[in-house]
Every structure is written in C-alpha cells, then in structure tokens.
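Residue numbers (our numbering), protein chains in the order written: chain A, 1 to 219; chain B, 1001 to 1219; chain C, 2001 to 2331; chain D, 3001 to 3331.
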Amino acid sequence: MLLSHSDTIRWIQRYRDLIADNVDELNKLDAAIGDGDFGASMQRGLNAVVAVLGPGEPDSIGKLLHTVGTTLVSAMGGTSGPLVGTVFTKMARVVGDVDAVEASALVVAFRAAADGVGVLGGAERGDKTMLDSLLPAVEAMEAVVGGDHTLQTVLHSAAEAARTGAERTIELHARKGRASYVGSGGVGCIDPGATGMRYMFAALHDVVGEGIHYSEGTQ
Amino acid sequence: MLLSHSDTIRWIQRYRDLIADNVDELNKLDAAIGDGDFGASMQRGLNAVVAVLGPGEPDSIGKLLHTVGTTLVSAMGGTSGPLVGTVFTKMARVVGDVDAVEASALVVAFRAAADGVGVLGGAERGDKTMLDSLLPAVEAMEAVVGGDHTLQTVLHSAAEAARTGAERTIELHARKGRASYVGSGGVGCIDPGATGMRYMFAALHDVVGEGIHYSEGTQ
Amino acid sequence: MKKLINDPAEVVADALTGMAAVHPDMLTIHRNPDFIRRRNSPVAGKVALVSGGGSGHEPMHGGFVGIGMLDAACPGAVFTSPSANQIQAAAAAVATEAGVLFIVKNYTGDRLNFTMAAEWLADDGIPCEVVLVDDDVAVENSTHTAGRRGTGATVLVEKIAGAAAEQGRSLLAVAQLARRVNAGARSMGLALTSSTVPHVGSPNFVIGDAEVELGVGIHGEPGRRRIPHAPVKELVALLSEAVIGDLPFVAGDRVIAFTNGLGGTPLIELYIAAGELAACCAAHGLTVARSLAGSYITALEMAGCTITLLRVDDEMLELWDAPVTTAALRW
Amino acid sequence: MKKLINDPAEVVADALTGMAAVHPDMLTIHRNPDFIRRRNSPVAGKVALVSGGGSGHEPMHGGFVGIGMLDAACPGAVFTSPSANQIQAAAAAVATEAGVLFIVKNYTGDRLNFTMAAEWLADDGIPCEVVLVDDDVAVENSTHTAGRRGTGATVLVEKIAGAAAEQGRSLLAVAQLARRVNAGARSMGLALTSSTVPHVGSPNFVIGDAEVELGVGIHGEPGRRRIPHAPVKELVALLSEAVIGDLPFVAGDRVIAFTNGLGGTPLIELYIAAGELAACCAAHGLTVARSLAGSYITALEMAGCTITLLRVDDEMLELWDAPVTTAALRW
Ligand SMILES: Nc1ncnc2c1ncn2[C@@H]1O[C@H](COP(=O)(O)OP(=O)(O)O)[C@@H](O)[C@H]1O
Ligand SMILES: Nc1ncnc2c1ncn2[C@@H]1O[C@H](COP(=O)(O)OP(=O)(O)O)[C@@H](O)[C@H]1O
Ligand SMILES: [Mg+2]
Ligand SMILES: [Mg+2]
Ligand SMILES: [Mg+2]
Ligand SMILES: [Mg+2]
Chain A
1 MLLSHSDTIR WIQRYRDLIA DNVDELNKLD AAIGDGDFGA SMQRGLNAVV
51 AVLGPGEPDS IGKLLHTVGT TLVSAMGGTS GPLVGTVFTK MARVVGDVDA
101 VEASALVVAF RAAADGVGVL GGAERGDKTM LDSLLPAVEA MEAVVGGDHT
151 LQTVLHSAAE AARTGAERTI ELHARKGRAS YVGSGGVGCI DPGATGMRYM
201 FAALHDVVGE GIHYSEGTQ
Chain B
1001 MLLSHSDTIR WIQRYRDLIA DNVDELNKLD AAIGDGDFGA SMQRGLNAVV
1051 AVLGPGEPDS IGKLLHTVGT TLVSAMGGTS GPLVGTVFTK MARVVGDVDA
1101 VEASALVVAF RAAADGVGVL GGAERGDKTM LDSLLPAVEA MEAVVGGDHT
1151 LQTVLHSAAE AARTGAERTI ELHARKGRAS YVGSGGVGCI DPGATGMRYM
1201 FAALHDVVGE GIHYSEGTQ
Chain C
2001 MKKLINDPAE VVADALTGMA AVHPDMLTIH RNPDFIRRRN SPVAGKVALV
2051 SGGGSGHEPM HGGFVGIGML DAACPGAVFT SPSANQIQAA AAAVATEAGV
2101 LFIVKNYTGD RLNFTMAAEW LADDGIPCEV VLVDDDVAVE NSTHTAGRRG
2151 TGATVLVEKI AGAAAEQGRS LLAVAQLARR VNAGARSMGL ALTSSTVPHV
2201 GSPNFVIGDA EVELGVGIHG EPGRRRIPHA PVKELVALLS EAVIGDLPFV
2251 AGDRVIAFTN GLGGTPLIEL YIAAGELAAC CAAHGLTVAR SLAGSYITAL
2301 EMAGCTITLL RVDDEMLELW DAPVTTAALR W
Chain D
3001 MKKLINDPAE VVADALTGMA AVHPDMLTIH RNPDFIRRRN SPVAGKVALV
3051 SGGGSGHEPM HGGFVGIGML DAACPGAVFT SPSANQIQAA AAAVATEAGV
3101 LFIVKNYTGD RLNFTMAAEW LADDGIPCEV VLVDDDVAVE NSTHTAGRRG
3151 TGATVLVEKI AGAAAEQGRS LLAVAQLARR VNAGARSMGL ALTSSTVPHV
3201 GSPNFVIGDA EVELGVGIHG EPGRRRIPHA PVKELVALLS EAVIGDLPFV
3251 AGDRVIAFTN GLGGTPLIEL YIAAGELAAC CAAHGLTVAR SLAGSYITAL
3301 EMAGCTITLL RVDDEMLELW DAPVTTAALR W
C-alpha cells in the first residue's frame, strides 16, 4: 500500500480539521506555559495551506509537501511556523517528484523531518518540545517498517507513539522555547507543540486507516 | 447661653471626627453620582483645619471661622472646598471679632453662609446640593430663634432639619454639580454634599448638647 | 485595588516626585502648594497659560507644560479640582505683564476654584482671562445640568492656544482663539471598565462583562446609557454620530481627529478605534487634516476611549503644527 | 473579554489601518505581507534597521519607525513572531547598499524567522547583520532555557543604533554598537494583572487580587514567582536590586533609567514607579543621565511595569539625544 497524492491532500485537510477542532485546547496549553498562540498559529497556517492546494495541485507529492512547508512558514510565523514548516520541506526533499510513496520512504522522510527540526531549533529529546512526540513517532515507525506491516500499521504505531509522547511531556522540564522561562519549567503541563504533532500523525493515520487506496505496493 | 470660642473649636474637631467616621460612606455616596472624592476632600480639609487651630488660636471666633474657611478652600479644592469654605468665611464676617456668640447672631451668620453658597455655586433649593440640607437647617433655626428656646434647642432643630433635608435629597433630580451629568439625575441616591452639611450641624449640636458652657446669655 | 502606588494619600506627591525625576529638562515641580511649571518660566512678554484639574488624568495637564503649550499646571487630589490658592500660586509664579490665561474644564469645582483665583489675580493687578472648555456632547447643554464637561478638546485648546501665546499674541487674542477652538470641538466617550480612586479603594461603579457605558465622564462619573458590548466599528460609529451631529460637522469640513485612551486601553486598540473614526469621518465627507491617537486624558486605569473632532481652519492647523516640547506632546 | 476590537482575526489588520490613518506623515503601511515602513525609505547610503515581533506590544515596533530609528517593522499576529517571508519582504523594501541590520528580541520564534530571512537576504547579496536583544534578568541565562528574553532594552537599542545609522555609520559599526548597548542593559518586569489574547478570549493566567507576578514576560508568559502585593517602593526595589546586581551596575555608573508600562497601567502610576526607580539608582550611587517613562513595550492590556537600566557612555548619550521622529518617540 502506498500513500497517494490524494491521500496526502486528505491528510493535510484532516490535519487542518483536527487542529480546528482542538484550537482552543492548543491555545490553552500554550497559555499555561507560553503565550497562548499555538492553536491559532497552526490554524492560520493550515487554513492558508488548504487554500492553496487544488485537487491535483501541486502535481507531485514532493512539490505538494514543499508547498505545505513554505506556506506554513509564511502564514504562521512564531516558533512553530519555521519548525512545522521544516517538517514538510524536509519530507518533500526525501520524497521527491512522485505521485505515491511507500511506507519505507515515508519513514525515511519523517526521520529527515525530525532531524531538520532538531537542527533548526537546537532542541533535544526531553526538552519538552514538539520533538518529544515527533521523535517517538519516527522511532516507532522505524521499529516496525520493513517487516510485514501495512502502511496502516506503521502509521498506527506512529500515531500511538506521538500520542504517548505528547502526553508524557507533562513530566518534562522545558529547556527550549518560551516554556523554559516559566519558573516551574512547565512541569505538570502538556507541551502544545508536541500535541500539535500528535494531531499531524493522527490525521495521517485517520486518512490511511479509512483504507480506500489499495494500490499495488510492497505490503 | 452663648457659643464660646472653645465651643467653636470643639465644634470643628467634632465635625472632623464625624467626617472621619463616615468618610467611606461619603466617598461612596459621591461615587454613585459623582467622582467618589467628597469624603476624602472633607477629611483632608478638616484635618488641615484642626492642625492650624491652637487652644486659643486664632483669638476671636470671627478670626477662627475665617481661618477655618480659608483653610478649607486651600486644602480641599474640588467643588466642596470653595463652597464649604464659604460657609465659614461668611459666618466669620457676620460674627466678627468676638469670643462668644448668641443664638440669634449665630442664625444670622448661618443665613449669610447659605446665601453665600447660593451666590457662589448658583444652585437653588431642590437642585440636589448641599443647600438642600443647609437651607432647611437655617430656616428651622430662624423659625425657633428669638422665642424662649435655648441655643441647644435651636441647634437641635437645625440638626434635625439638616438630617431630614439630606435624606430627602434621595428624591431630587440633580441640576448642579457633577451629579447633573448622570442619566438619572441621581434620583434614588442621597447627595454627599448635603450629607456633609448634616454632619456639620450634628457636630455643633453634639458639642452644645453636651451642655457645659452656660455663660450668661439671652436665653 | 491593585495599583503601583505607596500610600493612597501620597499618590499625587509621589507622582510629582517621579515627574521631576523623569523630566528635569522641561519641568520644575513646586510642592505645597503643588504645581508643575515650565522650566525657565516666566517667559518675558508671553501670555502665561495655566491649566489644571484633578489628578488621575495624566499626562493631562502636567504633561502639557513646556514650550508651545502650558506655562503651569495645577494637579489637585485625584479627581478633585485644585484649590484656588494653588492656582493663584502657580499663576503668580509664571505670570508676565502680558497676563495669564486660565484654561478650565467646565466642572463646577474647576470653575469655582479658577474663578476665585482669577479674582485674586485681578486684585493683584495681573490681567487674567478664563476660557472654559465644554466639549462633551454626552451631557445635555441645558439649565438642568452644570453644562457640558470639558474632555478631549482640552488638549487641542491647550496646544493651539499655547502655540499662539508662543508667537507673542495678546491675552485677548489668545483667549478668543481658545474659545473659538472650544466652540468648534465636540467629544464623547465610552468605558469598558470603571476605575478606582486610590483613597476609595473600590470602583466608582461596575460595568457588566458584556456591557459598555456610553457617555462616561473622565472622572469615572457614570454615563448616560448602558449598551451591550459591540464591535468597535459600531461603538465608534455611535460616538461619532453623536459628535458629528451635534456641532454639526458637515461634508467638506476639515478636522483634527483625536482618539483618546482612558488609561487602561492599550495602544493597539486605540489604533483600531482611530481607524474606525477615520472611516466615519470619510463617510461624512469630513477631511481628516491631522490625527492624534493615544492616552492623553485618562481616568486612572479605566478602559475605554473618547473621540474628539475639531473643525479647523488654516490658522488653527498652522498653530497645531507649530513646535511643542512637553512631556506628552512633542514635535 | 472586552476590547475595542472588531473580529479577533482582524486585530492586526485593523490596527495597521488605524496607524496608516494616524501617521501618514511618517509611515507607509504594506499589507500582505504586513510591514510598516518609514516614509521615503530606502534612505540612500544609510544602513536600514529592521525589527519586528508579535503584535500586542504597541507602540513597539511600528511606533519606532521613522527618522533616527527603524526603517521597517514587521508585526506578527498577536504575540506571534512575524514570518521569515514577511521580514524578507520588509527588508527588501528598505534595504540599501549599506546593508540591513535586524534587531531581534531573543525569543525562539523571532530568532528562527529573522535568521531565516537573514539567510535569504544573504543569498540575494544583501549584507545583513542580526543583533539579539536579551536583557531580561528574570530568565536564568543557562543552557536550561532559551536564553534571556528581549524586553525594555529593545527601545534603547533601536533608538541608539537608529541614530548611529542616521549618521551614516557602517553596518558593522552599527551592529557592534547595538550589541554594546544590549550588553550594558538589564531589565525586569512585574504584572498586576494578566492579559487576554484576542483569539483566545480568556486571560493567559490569573493573578490573585492580592498578588503580583514577578519576572513576567511581555507576552503574558507567567513569571517566576508570585509575591503578595506591596507598595510600589518595595516592588521597584525588588526589580532594581535584581537588575543592578546582575550587570552589575556600580556606584559612579551613568545610566538611562526606563520605566515601562505594560499596557493597562496608567501614567500616574508609572510616574510613581519612575520616582522610586530614581531613588533606587541614587541609593546605589548611579547617576540617572536620562529617563524615559511611559508605555512603550506593552503586553496588550496587562497592568504592570518593567524597569530597564542601561549603562551609558558619552557616545551613547549623544546618540540617545539625537533627533528622532517616530510615532512613539520624538525629539
Ligand atoms: N527549540 C525548539 N525546538 C523545537 N520545538 C520547539 C522549540 N521551541 C519551542 N518549540 C515548540 O514550539 C511550541 C510553541 O510554538 P509557538 O506557540 O508557535 O511558539 P511561540 O509562541 O513561543 O513563538 C512549543 O510547544 C514547543 O513544542
Ligand atoms: N453648584 C453647587 N452649589 C452648591 N453645592 C454644590 C454645587 N455643585 C455641587 N455641589 C455639592 O458638592 C457636592 C460634591 O462635592 P465634591 O465631591 O467636592 O464635588 P466634585 O468632586 O464634583 O468637584 C455635591 O454633593 C453637592 O452637594
Ligand atoms: Mg506560543
Ligand atoms: Mg466629588
Ligand atoms: Mg472631584
Ligand atoms: Mg508566540
């Protein structure tokens, strides 16, 4: 099973919807240990993205993901704009000008994305950032991919790991971003950025989990 | 019975104490239909007055009342400073350089005070101002003075009339001062300035009512 | 009550200490009686402009003392008119042979005290004129009120009259001009929250979470009407209809448009309100010749705004543009 | 939430409309991407100064655009760093052959976006330097944080660097000077109330009626410590001890003392705080060479203040005194 061009568009749309459904929660998570704009920023960014995506436009998954990334950077601003944007521009480079992506390539793309976020933001695992759901998700995918797992299973493990990772940020002491200013280091609060990443993986799993697009693939 | 120099000083001190005891009430009355400073202004003014009065200083009742009036003007500011100050400077002129005042002269002095307030502020009876307790008090005194009433009785009637007058301002629609700006004209609220005058008469009655100073007088 | 103050009784004194520390280049502070005077005043040959009023409206009036505006300002206690003695002392300190102009917001207390002081000055042979500012259309101008209050127009009168005085015009000429500015100005305000007088300790009145008080006074006097909170576009339209209809301002008029914050409203909101005011002016065919937006006449920490329009002619505009060096207005 | 706004999503756009209406003589507003640019920019031969940050801090930065200060400012969404694209567009609009200086408050978002934009400018052959402002002593300066935040020093850096650029100094010289100003400045703030981001609709955090939040951030970030409310004398002493001890400032130092309001605190309180700051400086043997008091870096309608001290030398003082014509600072 492959991730198709239209899956990718539906992923982004679903991601937008999940963020919209949870925008207040995300703002509130950010208000507690930051400045309260994370949900609004993600929503503004994804609305802009959805507005520029046409039915078959841009015409390859790589180009599409690149457009998603650059649109997020320009429409979001903030800390999350460049970082979440980087997730997509890095994936775009790995995926290239194709109209379907296999699970293995997708995992490599997500690894590149996580590395890119790490380099740009300078954060490490455990710093209470979006990396704390992004990295576990990538590692979970890497652990199962290549066996006889379907794309669905791979993405299921990613979504689960991202969710757990996000929830566990509640225990972490922030060392990066605005939450590092808070006296408590934000211990006791869930990181908004990690929660945003969780929705990104949930959206992808939702879209692929709905099944539908069984093209001929490796698994 | 006469009002002596020391009675006069005790009157002013008692007036200061009554205002201090009711300063919050007076501020609140003013907050409801004005700007909330009436109690504080009266308190500041009377504290300044008490600070400049010595045991036999100034050395006549006329000079003493004049000092009270000018000190109130300079220490209070606001609307009430010049008006309440005028009460005392007008009385001072009528009373003159004496060390005791008969009831009849005191009533003439209060009449001059009320007229002075009317001229300076341009208000009339019923405009919901301090005149609405000052004028009834003067009229009540005028009605009883000269008969076989003691100074105490005269001042009792003044205190009663001032109290009733102040309470009745609740029904009045303000046509002068800051209360005239309020949409309702302040109907339903008691006028702070009239209440302040009420304490002025109450203080005088308290001091004379305590009896004490029976010098040889007309009554 | 949470404020950055020490003793409520020392609020005015402490603020004057701060002003003296921040603006030694422009102002000299006199204590007991309190007044703020232009450095190097009196200015020989120049009509001296003196204003004042209760404290709690900062930067008015102390922030308008300096070259091209006021020579002295008298701060009363919070929301309390300064005393006649204070005013007399301030006027005596800055008076010249050209005379003294009192610019007085039309509140009973200010009128009484400034009028008393003017009489005392006259007794001392100092020529003195009193100009009343009464631009607030929220107050009915009838014998049933103390007359309209002075609000936003005060800044405009003080700036324009100040520039005229700086040019060396006579007392009567400056007074006449100041009255002409007042006559061409109208204002109205609204509050989102009330404010707390320090020595009172609780708000003068309470505005519900979903309400707006229309026609509020700058001393926290309750207004004339409560309406449900609405987008600022609608609120500013309400205020400007009342203001425009009152003078009335008519298509073709050139105006100075002044959006004033009441103390607790941040500049980002004032800019939004100013944009709406400009739109209302345009819709009525008024040309906004100059604009001013900021918190110049406050009511302690009250959230809200007042808007003022002044119909200007070339002379007024030229005087508005003339240099001014004060703590609050400077160009 | 009661604010003078229309749609929360249009707050920045509406405020820009208002700025354009109020300051047509100084500013030109560009929309989509949003930036505020100095009228008649680019200024040939002059290093262009560009700053920016989230909205909600007005007058920072748009109010500092003009002669002697910034050439362009990029307003992000409320409390959200502007995007790299926005910054690039602003810089491109005002850049000259002398290059572009970015003055960036040290927040992760601002750093990321300005750095990206700087790289894109470099790719286009435009010389570009980035200066970080990180003066907030409330944040521990360790590897366990994102580093100190930029607060009050930003105004001082922008004013002094702006004057140097206006004199025609080179990009490197201006950047070096800006870094020197930042290195000599320290700040700390406190909040009496929180503030509400329009699209969130409820306050970021709640401060009790008898509490003060020490070390609060200008984006409504919770601070490091809650203390019982106290007289401003004690509060300012706490802030200034932290500030003075950090650099440290020592007896004999000349300083610029800056008392900044966070948006909801009226000027009368800021003057009182400024007076206390001057007293603290005197007690430490510091000479206050210049003062600034007012709401220049706000956090929406937050009540509270920040204090900033900058150790100055003759060069900095001369540049501080140099003429400036912006909406918010003008002399
Ligand atoms: N250095 C960093 N690297 C990776 N992620 C980061 C970093 N700093 C902050 N983040 C993430 O960004 C999220 C906040 O995004 P956003 O609200 O846009 O930031 P801000 O408002 O502080 O600019 C945080 O919850 C965190 O997950
Ligand atoms: N024109 C007037 N004549 C007489 N008394 C007046 C007049 N105007 C107001 N007052 C009285 O002054 C009182 C308010 O005094 P004060 O609080 O000092 O005034 P303000 O704060 O409005 O200057 C009112 O309650 C009223 O009794
Ligand atoms: Mg945020
Ligand atoms: Mg009053
Ligand atoms: Mg008053
Ligand atoms: Mg942000």
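Glycine included, every Cβ here is placed at the ideal spot set by N, Cα and C.
These numbers were taken from a predicted model, which means no experiment stands behind them.
Just curious, the beta strand (DSSP E) that residue i is in, first and last residue?
| i | result |
| --- | --- |
| residue 1179(B) | Neither: residue 1179(B) is in no beta strand (DSSP E) and is coded neither H nor E. |
| residue 3146(D) | Note, residue 3146(D): premise wrong, no beta strand (DSSP E); not H, not E. |
| residue 2227(C) | 2225-2228 |
| residue 1100(B) | 1100-1102 |
Between the Cα of residue i and those of the options, spot the shortest distance and give me the residue it belongs to.
| i | options | result |
| --- | --- | --- |
| residue 3118(D) | 3092(D), 3286(D), 3134(D) | 3092(D) |
| residue 2249(C) | 2265(C), 2288(C), 2261(C), 2273(C) | 2288(C) |
| residue 1113(B) | 1004(B), 1149(B), 1135(B) | 1135(B) |
| residue 2108(C) | 1080(B), 1152(B), 1006(B) | 1080(B) |
| residue 1198(B) | 1010(B), 1009(B), 1008(B), 1015(B) | 1015(B) |
| residue 2266(C) | 2294(C), 2184(C), 2016(C) | 2294(C) |
| residue 3316(D) | 3273(D), 3183(D), 3296(D) | 3183(D) |
| residue 26(A) | 191(A), 63(A), 96(A) | 191(A) |
| residue 1188(B) | 1110(B), 1170(B), 1093(B) | 1170(B) |
| residue 1018(B) | 1204(B), 1035(B), 1178(B) | 1204(B) |
| residue 2254(C) | 2136(C), 2261(C), 2291(C), 2028(C) | 2291(C) |
| residue 185(A) | 138(A), 131(A), 127(A), 157(A) | 127(A) |
| residue 1020(B) | 1040(B), 1209(B), 1030(B) | 1040(B) |
| residue 2035(C) | 2043(C), 2022(C), 2050(C), 2044(C) | 2050(C) |
| residue 2134(C) | 2149(C), 2142(C), 2324(C), 2156(C) | 2149(C) |
If contacts are defined as beta-carbon pairs under 8 Å, then residue i and residue j qualify, I think. What distance do you get, rounded to the angstrom?
| i | j | result |
| --- | --- | --- |
| residue 3239(D) | residue 3212(D) | The Cβ separation is near 11 Å, so there is no contact. |
| residue 2076(C) | residue 2052(C) | 7 Å |
| residue 2064(C) | residue 2070(C) | 5 Å |
| residue 3308(D) | residue 3263(D) | Their Cβ separation, rounded to whole angstroms, is 16 Å, which puts residue 3308(D) and residue 3263(D) out of contact at 8 Å. |
Where does residue i land, buried or exposed, given buried means 16+ other C-beta within 10 angstroms?
| i | result |
| --- | --- |
| residue 3110(D) | buried |
| residue 2112(C) | buried |
| residue 1(A) | buried |
| residue 124(A) | exposed |
| residue 1148(B) | exposed |
| residue 3311(D) | buried |
| residue 1008(B) | buried |
| residue 3038(D) | buried |
Pull the bridge partners of residue i from the DSSP assignment, please.
| i | result |
| --- | --- |
| residue 2048(C) | 2100(C) |
| residue 3074(D) | 3052(D) |
| residue 2187(C) | 2136(C), 2308(C) |
| residue 2203(C) | 2196(C) |
| residue 2030(C) | 2035(C) |
| residue 3257(D) | 3291(D), 3309(D) |
| residue 2128(C) | 2100(C) |
| residue 3158(D) | Paired residue(s): none; residue 3158(D) is not in a bridge. |
| residue 2067(C) | 2325(C) |
Identify the continuous alpha helix (DSSP H) that holds residue i and give its terminal residues.
| i | result |
| --- | --- |
| residue 1003(B) | No alpha helix (DSSP H) contains residue 1003(B), which is instead part of the beta strand (DSSP E) from 1002-1004. |
| residue 2245(C) | 2232-2246 |
| residue 1029(B) | 1023-1033 |
| residue 2058(C) | No alpha helix (DSSP H) contains residue 2058(C), which DSSP labels as neither H nor E. |
| residue 2300(C) | Segment: none, residue 2300(C) is in no alpha helix (DSSP H) and carries neither H nor E. |
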